[in-house]
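Below is one structure, written out as structure tokens, with a few remarks after it.
Number of protein chains: 2
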Amino acid sequence: METRARCPAASVLPARPRHRTLRPPCTVESIFRNFTIRRAALIRALTTDEEALFNKCDPGMQLLCLRGNTDGSWEVKLPESCVPISQPEPTLSINISRDKMKRHEWLQEVAVQCDAWLINISFYFAPLLIASERERLFNMINSLKTVQETFLASNTYLRICHLEEEVTCFCSELYTNQVVYIQV
Amino acid sequence: METRARCPAASVLPARPRHRTLRPPCTVESIFRNFTIRRAALIRALTTDEEALFNKCDPGMQLLCLRGNTDGSWEVKLPESCVPISQPEPTLSINISRDKMKRHEWLQEVAVQCDAWLINISFYFAPLLIASERERLFNMINSLKTVQETFLASNTYLRICHLEEEVTCFCSELYTNQVVYIQV
Chain D
1 METRARCPAA
11 SVLPARPRHR
21 TLRPPCTVES
31 IFRNFTIRRA
41 ALIRALTTDE
51 EALFNKCDPG
61 MQLLCLRGNT
71 DGSWEVKLPE
81 SCVPISQPEP
91 TLSINISRDK
101 MKRHEWLQEV
111 AVQCDAWLIN
121 ISFYFAPLLI
131 ASERERLFNM
141 INSLKTVQET
151 FLASNTYLRI
161 CHLEEEVTCF
171 CSELYTNQVV
181 YIQV
Chain E
185 METRARCPAA
195 SVLPARPRHR
205 TLRPPCTVES
215 IFRNFTIRRA
225 ALIRALTTDE
235 EALFNKCDPG
245 MQLLCLRGNT
255 DGSWEVKLPE
265 SCVPISQPEP
275 TLSINISRDK
285 MKRHEWLQEV
295 AVQCDAWLIN
305 ISFYFAPLLI
315 ASERERLFNM
325 INSLKTVQET
335 FLASNTYLRI
345 CHLEEEVTCF
355 CSELYTNQVV
365 YIQV
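Which chain is which? The protein sequence lines are D and E, in order. Residue numbering for the first sequence follows our numbering, beginning at 1 and increasing consecutively. Residue numbering for the second sequence follows our numbering, beginning at 185 and increasing consecutively.
Shown next as structure tokens:
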């Protein structure tokens, strides 16, 4: 039977805190519940609210990050100002790269960062779980599509790709016509 | 049979890049290899090199983070200066809390952050993996003790706890004697 890791001669050592400061008790179920709420918020940001997300990620601003909250909302924000920080921050600087790539590529990049952050924050709250509990948590998380997979399967992705293709075709046609005009 | 997620009408869309810019091809095996090297480096920082780690984490400095590298070294450093960042950064500000808690507690806190970062960076490099590959990767990762578990089972943890206990006893004794002296 698996037991929680113990240090040698644990009986003579200061008791290991069961729950760490400023952190609620974290079970597999509560961590997974938080994961699903944050994930749904991030998927909404990248699909239904994609236009609003794009507008909030102004490259002229300071480094911003996209965060899914446990109340189901999402926000583009500056990193937490208080130190030590209470939990891992999402990847910064999503706004800086916004205009340096095609929109569908940028959104996919953000989606990848969302997935990594969701895993990060879930396991940050799991230091008291034993190996079998961690495995159960991961299997629950992995039973859902990733944010990236959901985004790539969305109508938003399809729509943006088609728009970008149309723009490319239009520009290409314009260029061709200009060449013909100059030749005439 | 499981297949990679595809977006609707994928044939008419721009090809999804198989490997993203500035990132090497990432298989389960290569990600796990990197994980083990970084993990070993972080464990060494928290155990054998604990004194050096403590000294490098000067609370008077800017926000610092502990990083395990794929060449087996570890370093306490400022966050990456280039944006967009090439990969997730470890949690910042480990130095700020160094003198605000007992040393064994601070090291345990850092160990928890190391575990979360190791998971974070591993899955950041895994956007091309399908669900069964992610599961295999996680099982390989989870077959090893976490950094926190390894630290709590180490002689370093035992030694620090004993030292802190001795200091507490000494201070308590000193205080008791002072009280006796004042009373006399």
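Virtual Cβ for every residue (Gly too), placed ideally from N, Cα, C.
The residues Q62, L64, in chain order, have a CB closer than 7 Å to that of L78 of chain D in the same chain once the five nearest residues on each side in sequence are set aside. Distance from the CA of A52 of chain D to the CA of S257 of chain E, rounded to the nearest whole angstrom, comes to 42 Å. Taking C-beta atoms as the reference points, V260 of chain E and K240 of chain E count as a pair closer than 8 Å. T334 of chain E and I227 of chain E do touch by the CB rule: their CB atoms are close to 5 Å apart, below 8 Å. Following the DSSP letters along the chain, one finds C65 of chain D inside the beta strand (DSSP E) bounded by residues 65-68. For P272 of chain E against R251 of chain E, the beta-carbon gap comes to about 11 Å, at or over 8 Å, which does not count as contact. Taking all protein chains shown into account, E349 of chain E has fewer than 16 neighbouring C-beta atoms within 10 Å of its C-beta and is therefore exposed. Contact between the segment 113-126 of chain D and the segment 284-303 of chain E is established, with three or more Cβ pairs separated by less than 8 Å. Secondary-structure assignment with DSSP links V260 of chain E through a beta bridge to E:L250. T146 of chain D and N326 of chain E have their C-alpha atoms spaced approximately 20 Å apart. Only residues of its own chain outside the window of five on either side were considered, and among them T70 have a CB closer than 7 Å to the CB of N34 of chain D, listed in chain order. At a cut-off of 8 Å, the C-beta of F219 of chain E has no neighbouring C-beta in chain D. Apart from sequence neighbours up to five positions away, the residues of its chain that approach I96 of chain D with a beta-carbon distance below 8 Å are P59, L63, ordered along the chain.
Under the Cβ distance rule, T340 of chain E does not count among the residues neighbouring chain D, no pair being separated by less than 8 Å.
Within the same chain, and ignoring the five residues on either side of Y341 of chain E in sequence, the residues whose Cβ sits closer than 7 Å to its Cβ are H288, F335. Contacts between E135 of chain D and chain E, judged by CB atoms closer than 8 Å, involve F322, N323, N326 in chain order. Distance from the Cα of Q292 of chain E is smallest, within the candidate group E:S214, E:A225, E:T352, E:I344, for E:I344. Residue contact with chain E for T91 of chain D: present (Cβ-Cβ distance below 8 Å to some residue of chain E). Residues of the same chain with a CB within less than 8 Å of the CB of E234 of chain E, apart from the 5 flanking positions on each side, are L291, T340, I344 in chain order. The beta carbon of L144 of chain D is closer than 8 Å to those of T36, R39 in its chain, skipping five residues each way along the sequence.
Inter-residue distance for N139 of chain D and T352 of chain E is about 44 Å (C-alpha atoms, whole angstroms). Note on geometry: alpha-carbon atoms of I303 of chain E and Q332 of chain E lie some 13 Å from one another.
With its beta carbon less than 8 Å from one in chain E, D115 of chain D belongs to the interface.
The contact set of I215 of chain E on chain D, defined by CB atoms closer than 8 Å, is empty, because the minimum CB distance reaches about 12 Å.
Among the residues of chain D, those whose CB is under 7 Å from the CB of I303 of chain E are I119, N120, F123, following chain order.
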